[in-house]
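Heads up, the thing below is written out as structure tokens.
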Amino acid sequence: MNALARHRRLTAIWSSEPGWKGWLSTVNHSDVGRMFIVTASFHFLVGGILAMLIRAQLATPNSAFAGPEIYSQLFTMHGTIMMFLFAIPMIEGLAIYLLPKMLGTRDLAYPRLTAYGYWCYFFGGAMLLISLVFGIAPDGGWFMYPPLTGRIHSPGINTDFWLIGITFVEISAICAAVEFTVSILKYRAPGMTLGKMPVFAWYMLVVSLMILTGFPPLILGSILLELERAFALPFFQVELGGDSLLWQHLFWLFGHPEVYIIFLPAAGMVSTILPVMASTTLLGYRWVVAAAVALAILSFGLWVHHMFTTGIPHMGLAFFSAASTLVAVPTAVQVFAWIGTMWKGTPQLRLPMLHILGFFITFVIGGLTGVMVAVVPFDWQVHDTAFVTAHLHYVLFGGFVFPVLAGIYYWLPLVTGNRRFFRLGKVAFALIFAGFHVTFLAMHWVGLMGQRRRISTYAPEDGWTAINLISSVGGFVLAFGLAVVLIEVVLSFVVRHRAPRNPWGSGMLEWAIPRPSAAYNFASLPRVNSRDPLWDDQNLPVRIARGEGYLGDPASGRRETLMIDSATAEPEQLVIYPANTRLPIVLAAVTGLFFLSLLLKIYLITPLAIAGVVALGWRWVWRLGSKQDLGDQPIGHGVAVPTIAEVSRPPGWWGSVFLLVANATLFGSLLFGYAFLWTIAPGWPPPAFIAPSLPTMLAAAVGAALAVAGVAIAVRTNRNGGTPVSGLLAAVAGALGLVAVFAMMLWSAPPAAGHAYNATVMVLGSYGLVHAALASLMLIFLLARHRAGYMSQRRRGELAIVKVWTMYLAGVTGLVVPAVYLPGLVT
Amino acid sequence: MKDLLRILVSPVVWLASFSAIYALHGLICQLDPGASEPFGVSLSRITLIAAFVLAVLVQAGLLALLYSLRFGAAPGFARSVSRMSGWVGLVATLWTLFPTLAVSSCGW
């Protein structure tokens, strides 16, 4: 088969459906990545218009442009859209599009999950935008502090849109994080060991782990606040044993890492693009990776620095002040590595480089003002002033938007296949850079003069008029600059001016494929021997196209790629992907129905939506696997590997492990909240503890042991060629027993609205109940799969996946039952 | 995966010890152990310093393991990055928990 025939064959296998239907059923990472980027750009446009409205309001004193109610919606939605609907999804989109191409594989680990994540983002974002159109948008600020956002002070539906809409959108981030983690660890080109990975992949690995552990506290906080608003469960009401500071802890446990979740991928782009612009390699690759890891984990120890004015004892302040100053060190390591890279190479002032220089200047200023606000007495002075708003924008615009613009210009030829024609980019950069600094330097200044953030207007005698006017003019110049970028990007798609295959002379794999990229990425999977394989072998693109790598023979007609051993990077499993399907959009729509029923308080629909999600989820998984043993499959170069159905640790096992990391973080945050209320909130201990029930505790222990032992027996008998049915039946009995235990716990609990303790018991019991029901369902699913002939001694992967979830259930039981019953037992 | 664990372990243990000592500090301030001063130093201060010393010793132990032939990574990328992150864990522990020695514990 020649290269052209191979291309046609692979295109037929991997392409999405033609026409508009293709957008609804595609699961291809290039398609979904582009959809993410376009949708995020639209949200950026909306958020930018809101910013213009804010600046129009503040341009003059006593402005009647927008009243306080509308103004509150404007700044809340500006922050919400930029953080949740633009920055994170833009990162997801870029990474979904780029990572498989950089890693030398054909798609991400779970293509249908990629599409499901996109549609959750699309529907959740639409929910929030609709609220804006109808004038009922969230208005409590992007961090939604109670008691302002409690139902007493915010009785309307506005806050509910935020809590429910954002939780819906967060599903997308969690999906993407699981996807990226597994893909980066297991879906690389053969030979690409951890030390040979593109630096962007390292950054995305770190960021994905951060999302898995950073987002759950916010999801939990949103659930608790919505429960308080909808059902009067008093988690944040002081008079009933709650504490509004609990929200601040949960929010900033997410909120501070969020800043680095946004910054680190952008830093990854800088670390990727800068060496190419300087015609050299990145200086101190290992130091940069270590700095990214350090920055990511240190960022989780800073959350209280957003709460310096809440009355925290000196030592607590000192802990977080010290940690806040420490993050400057790994940041500086990266900045010096970039400077050293430029020193080592021969930098050329091409358009991506201009934006990188803009990033340097802006981000370093933002970092320095960050060190200023890490110093407690200074923070006390500027807290809640425009100075903090300006600092935030220097960090996020400087640390994210400039690198993203550099990335857009850098990778545009890969997406469009064209080079830029009209050369508007330098004008755009000049407008953006000047406009940004005029806007936000002025904002620092007016903040130091005492202007509070989020005020809808001010008086002429305050002395802020001229500075605000200058800031507003700068804001509009910035907007013009961004509009020019948008025009140029659109023109690049429209005006055909063919770009060469590797226009920047990069050494990385994404430039070894056709442009615009083919649906299958690589006609055959290359073996990689360094971080810059294209520099090692100039002929690599031709050899890939000729099918000289792995999986070069598309005769099977299946969508195939390879999983590797994460340490040695040798081929380990043959992945067979599912084809195009509308299941992701349908599942996301039904998931949206669940959230909508909660938002509109039509609770009759809620169980129907849950049943729909379960039915579709069942169908989702049922379509995988095979009814016959395929044996080891040849992948080229004389190597044969088993398919993913015939290994102990299939992709689903890896995905489950990382999903459970996020799940465990949510559960840990709930236990933290329980301990926090117990020790800090007034009104504790509660009037009465739940009565301890020894039979229930005993039943919980027996149920958990039976579930775990049953699955273990099933795995062992299946491995030895026996039938796993008896083990699975025992496990089902154990899991259903736990369903009964948690149902009893909820039944015997005191009224949840009476005290924060009661409410916490209700949430703990519900968490256990959901996991017991889920494990029961999974075990019943396995029995059905066995009956249908999907399991054999070789096809054992599904058993391994359910074993992980059952063990997690046992762990949850072992923590929930004592947490609920021990206080009553002890007292 | 072991190499990834070697790279992550020290900073993650720092995060755990930092959060635990912050929680311990909150608990101590809430329980108000009173004016018991066994060696001229308050009991709460001694508890916090002991926790700080323990955290430093754990980090030093981890660093030693990362440098050992038995538990450390094979020569190359993972070895150097894991040792760097080992130093990050130790320095972060010393720097961020140093206030246990120097700052009033429950004062406002």
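Heads up: the sequence lines are chains H and U, in that order. Each number in the numbering used here comes from the position in the first sequence (counting from 1) with 86 added on. Once you know that position 82 of the second sequence is 62 in the numbering used here, the rest is easy, because the numbers rise by one and skip nothing. Virtual Cβ for every residue (Gly too), placed ideally from N, Cα, C. Here the structure is a predicted model, which means the values were calculated and not measured.
Give a yes or no on whether the C-beta atoms belonging to threonine 751 of chain H and proline 302 of chain H are separated by under 8 Å. yes
Please say whether valine -8 of chain U and leucine 42 of chain U have beta carbons closer to each other than 8 Å? no
Same chain, Cβ closer than 8 Å to leucine 885 of chain H, five either side skipped, listed in chain order: Val797, Ala800, Val801, Asn804, Pro810, Leu868, Met877
Would tyrosine 47 of chain U count as contacting chain H if we go by Cβ distances under 8 Å? no
Segments assigned alpha helix (DSSP H), at least 4 residues, entirely inside the segment 29 to 86 of chain U: Every unbroken stretch of the alpha helix (DSSP H) spanning 4 or more residues and falling wholly within the segment 29 to 86 of chain U is given here in chain order: 57 to 77, 79 to 82.
Please name the residues in the segment -4 to 29 of chain U whose beta-carbon is closer than 9 Å to at least one beta-carbon of chain H, in chain order. Per Cβ criterion, the list reads Phe(-2), Ser(-1), Ile1, Tyr2, Ala3, His5, Gly6, Leu7, Cys9, Gln10, Leu11, Leu28.
With respect to the alpha helix (DSSP H) encompassing threonine 667 of chain H, which residues constitute its N-terminal and C-terminal limits? Counting along the chain, threonine 667 of chain H falls outside any alpha helix (DSSP H), and DSSP gives it neither H nor E.
Please list, in chain order, the chain U residues whose beta carbon lies closer than 7 Å to that of leucine 863 of chain H. Chain U residues near leucine 863 of chain H: none, gap ~29 Å exceeds 7 Å.
State the start and end residues of the unbroken alpha helix (DSSP H) segment that holds arginine 372 of chain H. In the DSSP assignment, arginine 372 of chain H falls within the alpha helix (DSSP H) that extends over 371 to 384.
Give me the Cβ distance between leucine 784 of chain H and phenylalanine 828 of chain H, rounded to the nearest whole Å; I'm assuming they're in contact under 8 Å. Not really, about 15 Å apart at Cβ, beyond 8 Å.
Please state whether DSSP places asparagine 504 of chain H in a helix, a strand or coil. strand
Give me the subset of the segment 389 to 400 of chain H whose CB atoms are less than 9 Å from a CB atom of chain U, sorted by chain position. Answer in chain order: Val390, Gly397, Ile398, Pro399, His400.
For chain H, find out if any of its Cβ atoms is closer than 8 Å to the Cβ of valine 61 of chain U; answer yes or no. yes
If we call anything under 8 Å between Cβ atoms a contact, is valine 903 of chain H one with alanine 777 of chain H? No, they are not a contact pair.
Backbone secondary structure at glutamine 719 of chain H - three-state DSSP: Three-state DSSP puts glutamine 719 of chain H in a strand.
Quick one: Cα of alanine 376 of chain H to Cα of tryptophan 424 of chain H, how far? 15 Å
Check whether the Cβ atoms of alanine 795 of chain H and leucine 824 of chain H sit closer than 8 Å, and answer yes or no. no
Expressed to the nearest angstrom, what Euclidean distance is found between the alpha-carbon atoms of alanine 905 of chain H and isoleucine 730 of chain H? 39 Å
Judging by CA-CA distance, which residue of H/Leu369, H/Pro343, H/Phe229, H/His239 is the nearest neighbour of leucine 331 of chain H? H/Phe229
Any chance you could list the alpha helix (DSSP H) runs of at least 4 consecutive residues sitting entirely within the segment 182 to 239 of chain H, in chain order? 197 to 219
Below 8 Å on the Cβ atoms is my guess for leucine 620 of chain H versus leucine 637 of chain H; work out the distance and round it to an integer in Å. Not a contact, Cβ separation roughly 20 Å.
Pull up the DSSP beta-bridge partners for tyrosine 636 of chain H, would you. H/Leu611
Using three-state DSSP, classify glutamate 646 of chain H as helix, strand or coil. Residue state for glutamate 646 of chain H is assigned as strand, using DSSP reduced to three classes.
CB-CB under 7 Å to glutamate 265 of chain H, same chain, minus the five flanking residues each way: which ones, in chain order? Leu194, Ala195, Tyr196, Leu199, Thr200
Could you run through the segment -17 to -5 of chain U and flag, in chain order, every residue whose CB is less than 8 Å away from some CB of chain H? Asp(-17), Leu(-16), Ile(-13), Leu(-12), Pro(-9), Val(-8), Trp(-6), Leu(-5)
Residues of chain H with a CB under 8 Å from the CB of threonine 80 of chain U: which are they? Met401
Can you look up glutamine 659 of chain H in the DSSP assignment and give me helix, strand or coil? strand
Could you tell me whether any Cβ in chain H is nearer than 8 Å to the Cβ of glycine 52 of chain U? no
In the DSSP output, what is alanine 726 of chain H paired with across the bridge? H/Pro720
Residue nearest to glycine 851 of chain H in terms of C-alpha spacing, selected from H/Pro836, H/Ala142, H/Leu350, H/Pro612: H/Pro836
What would DSSP say about histidine 805 of chain H, mapped onto helix, strand or coil? For the record, residue 805 of chain H in the displayed sequence is arginine; it is not histidine. Arginine 805 of chain H falls in the helix class under three-state DSSP.
Grab me the residues of serine 592 of chain H's own chain with a C-beta within less than 6 Å of its C-beta, minus the 5 sequence neighbours each way, in chain order. Closer than 6 Å at the Cβ level, and outside the excluded window around serine 592 of chain H, lie Val362.
Step through the CB atoms of chain U and report whether any lies within less than 8 Å of the CB of alanine 380 of chain H. yes
With histidine 5 of chain U as the anchor, note down where its alpha helix (DSSP H) starts and where it stops. -18 to 11
Of all Cβ atoms in chain C, is any one closer than 8 Å to the Cβ of phenylalanine 32 of chain U? You won't find chain C in this structure, because its protein chains are H and U.
C-beta contact flag for valine 28 of chain H and alanine 352 of chain H at 8 Å: With chain H running from 87 to 913 in the structure shown, residue 28 of chain H is simply not present.
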